[in-house]
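Undergrad:
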Amino acid sequence: MKKQHLLLIAAAFLLAAIFAAFEFADSPRFKPVDAATVTFTEGVIIERGLPDEEEGGIININTATLEELSTLAEIGESKAQAIIDYREENGRFMSVDELANVSGIGSKTVELNRDRITV
5 MKKQHLLLIA AAFLLAAIFA AFEFADSPRF KPVDAATVTF TEGVIIERGL PDEEEGGIIN
65 INTATLEELS TLAEIGESKA QAIIDYREEN GRFMSVDELA NVSGIGSKTV ELNRDRITV
């Protein structure tokens, strides 16, 4: 009887560990950088596929260089550097809207560039 209880407890821990591993792997912080992006905004799901290499228009703010960020509207070299500094200090951006937390960048700049940026 005692052995059966221990086996049940061990099985429960194993299932919990498997579930946690799947949840951890599904976390946005651990998704591949070049994966398609799904954004949840005010109850609306916006799905963006991988950027088209020929367009060259969509910029991942988590991996973009100073030069790439500088191509965005209202973003010069100093604001591009502020974006890079912000992500180095705070980690990956979890959403495009988080870009407004960068000093010198407001929600208007984010909206102006929303179609060209992804995380």
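Each residue of the sequence shown is one higher than the one before, starting from 5 at the first, in the numbering used here. Just so it is clear, CB atoms sit at the ideal spot from N, CA and C, and this is done for glycine as well. The structure presented is a predicted model; accordingly, all values stated were derived computationally and were not measured.
1) Between the alpha carbons of L19 and L11, how many angstroms are there, rounded?
2) From A21 to I13, what does the alpha carbon distance come to, in whole angstroms?
3) T113 by DSSP, collapsed to three states: which one?
4) Check whether the stretch 99-109 and the stretch 77-89 touch, using three or more Cβ-Cβ pairs below 8 angstroms as the test.
5) Provide the residue(s) that pair with I79 in DSSP beta bridges, ordered along the chain.
TA: Reading off the structure:
1) 12 angstroms
2) 12 angstroms
3) helix
4) yes
5) DSSP, once it has assigned bridges, lists no residue as partnering I79.
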